[in-house]
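One structure is given here, and the rest of the page talks about it.
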Amino acid sequence: MLLAQASVGRVAVSMNALPAIFPVNFAMLGEDVVFRTGTGMKLAAAVTNSVVAFEVDEFDYERCWGWSVMVVGTASEVMAAADLDAAEQLNLSPWAAGVHQTRLIRIDTRMVSGRRLVPDDESQPLHPVQGAALRTGTSQDGAHGRYQ
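In structure tokens, the structure reads:
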């Protein structure tokens, strides 16, 4: 899973009908994205069980390849003791010293999409690879699965 290969992503929330995007360090708790935050917009979106987007990517401009993955799901604050204990094992800590990010947020993964970018040859720009998307989640008919 490409998500698990990265440690920094971007969470996108809607505040007052406007998009807000924040870089966060994160970890995977099962199939869900988790990150720490303090008081502010990310926490406000989470405690209202808002639908959010989360994106992570990696690009190598010298070798002309890359990938990106986007998760869409409902954000909520992790409150259950068992989940908090499991999250503590992930060693998820703030980037900067003195930052008080004591609240743990989970994005309940509903949909995952992504793509890989590769060059046609050494002289060509990056382009999306057809069929490289990975989607996990619950479909409209309620089925749960992973598709590639």
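For the sequence shown, position 89 matches number 96 in my numbering, and the numbering has no gaps at all. Backbone N, C-alpha and C fix where the C-beta goes; we use that ideal spot for every residue, glycine too. Owing to the predicted nature of the structure, the values given are computational and were not obtained by experimental measurement.
Straight-line gap, Val59 to Arg70 (C-alpha atoms, nearest Å): Here residue 59 corresponds to residue number 52 of the sequence shown, with the count starting at 1. Here residue 70 corresponds to residue number 63 of the sequence shown, with the count starting at 1. Note on geometry: alpha-carbon atoms of Val59 and Arg70 lie some 32 angstroms from one another.
Beta-carbon gap between Thr55 and Ile112 smaller than 8 angstroms: Start at 1 with the first residue of the sequence shown, and residue 55 comes out as number 48. Start at 1 with the first residue of the sequence shown, and residue 112 comes out as number 105. In this structure, Ile112 does not lie closer than 8 angstroms to Thr55 by Cβ.
Member of Val41, Leu99, Tyr68, Gly47 whose CA lies at the smallest distance from the CA of Glu62: As a first step, residue 62 is located in the sequence shown; it is residue number 55 there, counting from the start. Comparing Cα-Cα distances from Glu62 to each of Val41, Leu99, Tyr68, Gly47, the minimum goes to Val41.
Extent of the continuous beta strand (DSSP E) run through Leu124: Translated into positions along the sequence shown, residue 124 becomes position 117. Secondary structure note for Leu124: its beta strand (DSSP E) is the uninterrupted segment 110 to 126.
Collapsed DSSP secondary structure at Glu95 in the structure displayed: Within the sequence shown, numbered from 1, the residue matching residue 95 stands at position 88. Residue state, collapsed to three classes: helix.
Closest Cα partner of Gln96 within the set Gly37, Asp115, Thr46, Met77: In the sequence shown, residue 96 corresponds to position 89, counting from 1. The residue with the shortest Cα to Cα distance from Gln96 is Gly37.
Collapsed DSSP secondary structure at Val54 in the structure displayed: The residue labelled residue 54 in the question sits at position 47 within the sequence shown. When secondary structure is reduced to three states using DSSP, Val54 falls in the helix class.
Distance between Asp90 and Ala51 (C-alpha atoms, nearest Å): Working through the sequence shown from its first residue, we reach residue 51 at position 44. Working through the sequence shown from its first residue, we reach residue 90 at position 83. Going by C-alpha positions, Ala51 is about 20 angstroms away from Asp90.
Three-state secondary structure assigned by DSSP to Ala24: The count along the sequence shown starts at 1 and reaches residue 24 at position 17. Under the three-state reduction of DSSP, Ala24 is assigned to coil, being neither helix nor strand.
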